[in-house]
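A.B. asks: According to the working numbering, the sequence shown is numbered sequentially starting from -19.
Below is a structure I'd like to ask you about.
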Amino acid sequence: MLKQRVITAAILVVIMAVALAWSPAAFAVVATAVLGLALMEWLQLTGASRSTSVLLSAMVSVVLLYIGVIERGLIPRVAFPLSALATVIWLLIAAMLFHPKAMTFRLPRVAGMALALLLVVAGWFALMQLLLQGAAMLLSVLLIVWIADTAAYFAGRAYGRRKLAPHISP
């Protein structure tokens, strides 16, 4: 599993770096493609059919591509409010995990799909806002996330007794 993670990460880093060096529009295209795939996978995890997840992801990706390439002025106006909303949602989800009945709680499929859509789109806007701040800022944040993710993987392998989400997590 580690070998697959390293290969995937290396390929994505090269593609992202080339796109970032090429132009902001090229980076927006690559970032939209990656987040579109992430949205498709997340929608399938909520129970959406493959065709539904592909269609929704494609529609969202087209809109985000339009914004990222043509209507970039919209990004600063939307990024902060959407990121704030996503932060509140993540905090509510984290708080729910400490509730005794949280493990038996299930969102309706449509609500899970809406959350996936909102949170992935918020992530895209945050990424594009970082791009507007400059390549150095964007790369700094991405490196911090990648290093933290890698460290968490190794810490989990070294110290973890059981997988937290065996059907999702490597």
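Think of the CB as a built atom: it goes at the ideal place given N, C-alpha and C, for glycine as much as any other residue.
#1: What did DSSP end up calling proline 88 once you bin it into helix, strand or coil?
#2: Check each candidate in Arg137, Met93, Gly114 and Arg142 and name the one with the smallest Cα separation from threonine 26.
#3: Within a Cβ cutoff of 6 angstroms, which residues of the same chain sit near isoleucine 47, ignoring the five residues on either side of it in sequence?
#4: Are the CB atoms of leucine 111 and valine 121 nearer to each other than 7 angstroms?
#5: Is there contact between the stretch 9 to 22 and the stretch 31 to 49, where contact requires at least three CB pairs shorter than 8 angstroms?
#6: Might you give, ordered along the chain, the residues of its own chain that have their beta carbon closer than 6 angstroms to the beta carbon of leucine 95, omitting 5 neighbours on each side?
#7: Mind checking which residues open and close the alpha helix (DSSP H) that includes serine 37?
#8: Looking at C-beta atoms only, is the number of pairs between the stretch -11 to 3 and the stretch 133 to 144 that lie closer than 8 angstroms three or more?
#9: Check this for me: beta carbons of serine 63 and alanine 106, under 7 angstroms apart or not?
C.D. replies: So, to answer that:
#1: Residue state, collapsed to three classes: coil.
#2: Met93
#3: Leu54
#4: no
#5: Here the stretch 9 to 22 makes contact with the stretch 31 to 49; the two share three or more CB pairs at distances below 8 angstroms.
#6: none
#7: 30 to 49
#8: no
#9: The answer is yes: Cβ separation under 7 angstroms.
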